[in-house]
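The next block holds one structure in the form of structure tokens; read it before the comments.
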Amino acid sequence: MKRFLITCFTLIGLTLQLQAQSCLGVTMKAGSGFELLNYNAKDKLTGRLLYTVKDVTNDNGTMVMKMEVQSFDAKDKPQMTNSYQCRCKGNEFMVDMSSMMATQDNPMMKDAKMTFTSNDLTYGDTYTVGSTLKDASLTGDGTMGGSMNITYNLNLKNRKVANQESITVPAGTYNAYKVTADMSVATKTIVNLSFDFQTVSYRAPGVLWDIKTETYRKDKLMAYSVLSKVF
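Take the sequence shown: its position 160, counting from 1, is numbered 397 in the working numbering, and each next residue is one higher.
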């Protein structure tokens, strides 16, 4: 009987450990998540993104988080639901770059059948002003309309920790680090299209998600997002 009880408690403990694991000091479990509010350059709300952790597993010492992202328009009408993965190992938090596609409602890509390869977006558990971060990229190949070939390339380069400052968003006030990067997006079909942007993301130790993001083109603000809640 005693041995049976010990076995039961051990199994319960293992179950709880699987249900709630820690990534860079942040407890992760299914059902947790966060929300971002999106605005245009004129501070008009354009929609929101709701991210939810659907599952947390361990793959040979690497924590794998299956994420679901739901997008809503300015009238809070559901637009789409997509999924991607995040991984955590040691002092690194890695985000599948397909998450960039998961949050975009691109009519051009809507009917395309694509295969993507991600060079993950990586963050550490600490930030130092003046330091550089790893580049990230997403490449895709596929077809549109059943016959037209299409390629897609997204690159984040020159990622740097520019400075540290206090940021206040609906989710609270954070002592955040400003991470700047150059982003290029290119698609190739019958017509080749390419765009260059500058991005800013504010990150804080103890928070896995962006506190605030800003997107610029030719040094002009195009849009931004703010963390509205963490759950």
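C-beta atoms are modelled at their ideal positions from N, C-alpha and C, and glycine is treated no differently.
message = With distance defined between alpha-carbon atoms, name the residue in Ser336, Thr424, Tyr453 nearest to Asn390.
response = Position 153 of the sequence shown holds residue 390. Considering only alpha carbons, the answer is Thr424.
task = Determine the DSSP secondary structure at Ser269, reduced to helix, strand or coil.
result = Within the sequence shown, residue 269 is the residue found at index 32, counting from 1. Three-state result, Ser269: coil.
query = My guess is that Asn275 and Gly268 are in contact by the Cβ rule of under 8 Å, so how many angstroms apart are they, rounded?
reply = Taking the sequence shown and counting its residues from 1, the one referred to as residue 275 is at position 38. Taking the sequence shown and counting its residues from 1, the one referred to as residue 268 is at position 31. In fact, because the Cβ distance is near 23 Å, the residues do not count as touching under 8 Å.
query = Hey, how far is the Cα of Lys475 from the Cα of Thr294?
reply = Here the chain covers residues 238 to 468 and nothing more, so residue 475 does not appear.
inquiry  = Please state whether the Cβ-Cβ distance between Gln316 and Val301 is less than 8 Å.
reply    = Position 79 of the sequence shown, counting from 1, holds the residue named residue 316. Position 64 of the sequence shown, counting from 1, holds the residue named residue 301. Contact: no.
query = When you compare only the Cα positions, how much space is there between Lys350 and Ser403?
reply = The residue you call residue 350 lines up with position 113 of the sequence shown. The residue you call residue 403 lines up with position 166 of the sequence shown. Approximately 43 Å, taken between the alpha carbons.
inquiry  = Measuring alpha carbon to alpha carbon, tell me which residue in Thr289, Asp310, Asn297, Phe309 is nearest Lys303.
reply    = The residue given as residue 303 occupies position 66 in the sequence shown. Checking every option, the nearest Cα to that of Lys303 belongs to Thr289.
query = Where does the unbroken beta strand (DSSP E) through Phe434 begin, and where does it stop?
reply = Residue mapping note: residue 434 aligns to position 197 of the sequence shown, counting from 1. First-last of the beta strand (DSSP E) with Phe434: 429 to 440.
inquiry  = In whole angstroms, give me the CA-to-CA distance for Phe468 and Ala460.
reply    = Within the sequence shown, residue 468 is the residue found at index 231, counting from 1. Within the sequence shown, residue 460 is the residue found at index 223, counting from 1. For Phe468 and Ala460, the distance between alpha carbons rounds to 25 Å.
task = Determine the DSSP secondary structure at Ser259, reduced to helix, strand or coil.
result = Position 22 of the sequence shown, counting from 1, holds the residue named residue 259. If DSSP states are grouped into helix, strand and coil, Ser259 belongs with the strands.
ask   = Just reading off the beta strand (DSSP E) that Met351 is part of, what are its end residues?
value = Within the sequence shown, residue 351 is the residue found at index 114, counting from 1. Here the beta strand (DSSP E) through Met351 covers 349 to 356.
query = Counting Cβ pairs, one atom from each stretch, are 3 or more of them under 8 Å apart for the stretch 372 to 383 and the stretch 406 to 415?
reply = no
key: Whole runs of the beta strand (DSSP E) within the stretch 360 to 410, excluding any shorter than 3 residues   = 373 to 381, 385 to 406
query = With respect to the beta strand (DSSP E) encompassing Val306, which residues constitute its N-terminal and C-terminal limits?
reply = Counting from one through the sequence shown, the residue named residue 306 turns up at place 69. That run of the beta strand (DSSP E) goes 299 to 310.
inquiry  = Can you check which of these residues, Val444, Asp357, Arg324, is closest to Gly298 by C-alpha distance?
reply    = Looking up residue 298 in the sequence shown gives position 61. Checking every option, the nearest Cα to that of Gly298 belongs to Arg324.
query = Which one of Pro442, Glu272, Met338, Asp419 has the shortest CA to CA distance from Phe432?
reply = Locating residue 432 in the sequence shown gives position 195, where the first residue counts as 1. Comparing Cα positions, the closest option is Asp419.
ask   = Going along the chain, which residues of its own chain have a beta-carbon closer than 6 Å to the beta-carbon of Thr388, five neighbours each way excluded?
value = Start at 1 with the first residue of the sequence shown, and residue 388 comes out as number 151. Once the five neighbours on either side are set aside, the close Cβ partners of Thr388 are Asp378, Lys425.
ask   = When the Cα atoms are used, what is the spatial distance from Thr450 to Gln258?
value = Within the sequence shown, residue 450 is the residue found at index 213, counting from 1. Within the sequence shown, residue 258 is the residue found at index 21, counting from 1. Distance between the alpha carbons of Thr450 and Gln258: 27 Å.
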